[in-house]
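First comes the structure, then the notes that go with it.
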Amino acid sequence: MTSPSPLPPWAASLPCSRPPPLPPPPRNPPPPPPPPSTLDAGCSTLDVQGRAPDAPSPIAPPFAALWLLFFCNIFVGISIISFQSPLLQDLLLRKTPDMDAAALASAGATLIAFGAIFNGLGRFLWGAVSDRIGQSLAFTLMLGSQVVVFLALPRATEPWVFGALVCYILLCYGGGFGTIPSYVQALFGAKRMALLYGVILTAWSAAGLAGPKFMAWLRDHQPDTAARTAFLFSAALLAAGLILTLLPVLRTRRDHTDPS
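For my numbering, count along the sequence shown from 1 and bump the result up by 4.
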């Protein structure tokens with residue numbers, strides 16, 4: 005067995021090539037970069053208080069006010085939907101006592117059909133108006149104009165005038181549904197919109213139960229003055245909702261800017 009050969013003489017003259025030592029790790033490493041923003045482009049503006057829409061904010065006061073506002077608009081609209089045909093038929097009978105039942109039913113069905121058309125149109129019309137002038141101002145116009153309409157309804161003696169006023173109420177009824185989704189998003193942000201919009205629709209359920217029951221109770225207990233009482237009560241309820249639209253908690257940034 006042979007021993008390994010010694011290094012050649014020239015190898016002793018080579019410099020020692022050791023790798024340089026690694027630097028010690030930093031004691032205070034910088035924080036990682038923030039994740040990219042996930043805010044929607046349409047919701048990245050600040051609200052009135054200077055917060056981003058998805059920033060934490062107190063929900064209870066503005067949400068309760070918005071729920072009541074939506075309830076007021078739905079209550080009066082769904083009450084009219086439930087009894088628009090009987091109210092028109094009563095008016096026609098007072099104006100034309102010898103009108104037969106078939107003609108009365110036909111007139112009532114015609115008003116229901118036109119009311120449904122205006123209900124659908126209101127969702128697009130008021131939705132577009134709210135995008136232009138702001139949701140709070142749109143609800144102010146909807147509720148304020150309906151106060152005038154309900155005060156005028158007891159004085160409407162012509163069937164076509166009554167029908168036109170009812171159609172306008174249903175235009176605003178549909179407008180509430182067309183405006184409320186963007187209103188919820190403007191107040192609470194895109195991340196909360198889906199959950200809170202689902203909850204706010206409980207106002208529709210509550211109004212759908214209370215409105216027709218209230219109208220039926222009036223017709224049973226005050227048959228002679230049921231319509232007038234219902235119209236005045238609806239005007240008062242809308243006036244309360246109109247006050248809610250003026251509260252600072254329901255104002256959005258768009259309501260404070262020039263819509264142009």
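For each residue, glycine too, the CB sits at the ideal point set by N, CA and C.
These figures come from a predicted structure and were not determined experimentally.
Shortest alpha-carbon distance to residue i belongs to which of the options?
{"i": "F166", "options": "A68, I84 and L254", "result": "I84"}
{"i": "L242", "options": "P66, P65, G182 and F74", "result": "F74"}
{"i": "F154", "options": "L169, T161 and A142", "result": "L169"}
{"i": "F235", "options": "V203, I137 and V152", "result": "V152"}
{"i": "A117", "options": "F67, S86 and R223", "result": "S86"}
{"i": "L246", "options": "G112, N77 and F67", "result": "N77"}
{"i": "L147", "options": "R159, T161, Y172 and R136", "result": "Y172"}
{"i": "W208", "options": "F218, I121 and F79", "result": "F79"}
{"i": "S134", "options": "I184, T206, A107 and L115", "result": "I184"}
{"i": "P163", "options": "S149, L91, F181 and M219", "result": "L91"}
{"i": "I3", "options": "Y177, Q93, D228 and L205", "result": "Examination of residue 3 is not possible in this model, given that the chain is present from 5 through 264 alone."}
What's the gap between the Cα of residue i and the Cα of residue j?
{"i": "L72", "j": "D102", "result": "44 Å"}
{"i": "L175", "j": "G126", "result": "4 Å"}
{"i": "A190", "j": "T256", "result": "6 Å"}
{"i": "L248", "j": "T100", "result": "42 Å"}
{"i": "G81", "j": "L251", "result": "23 Å"}
{"i": "V253", "j": "L70", "result": "9 Å"}
{"i": "L97", "j": "N123", "result": "26 Å"}
{"i": "D224", "j": "S140", "result": "37 Å"}
{"i": "R232", "j": "R196", "result": "41 Å"}
{"i": "G138", "j": "L213", "result": "30 Å"}
{"i": "A160", "j": "S186", "result": "35 Å"}
{"i": "L199", "j": "T144", "result": "25 Å"}
{"i": "P65", "j": "V188", "result": "13 Å"}
{"i": "A210", "j": "G179", "result": "18 Å"}
{"i": "Y201", "j": "G131", "result": "16 Å"}
{"i": "P157", "j": "R136", "result": "It should be noted that the sequence gives Leu, not Pro, for residue 157. Cα to Cα, the separation comes out at about 30 Å."}
{"i": "A111", "j": "Q93", "result": "7 Å"}
Can you tell me whether DSSP reads residue i as helix, strand or coil?
{"i": "L205", "result": "coil"}
{"i": "T183", "result": "helix"}
{"i": "P227", "result": "coil"}
{"i": "G193", "result": "coil"}
{"i": "T114", "result": "helix"}
{"i": "R255", "result": "coil"}
Looking at the unbroken alpha helix (DSSP H) that takes in residue i, where does it start and where does it end?
{"i": "A160", "result": "A160 -> no alpha helix (DSSP H), and no H or E assigned at all."}
{"i": "D104", "result": "Per DSSP, D104 belongs to no alpha helix (DSSP H) and is neither H nor E."}
{"i": "L141", "result": "Q139 to A156"}
{"i": "T233", "result": "A230 to T249"}
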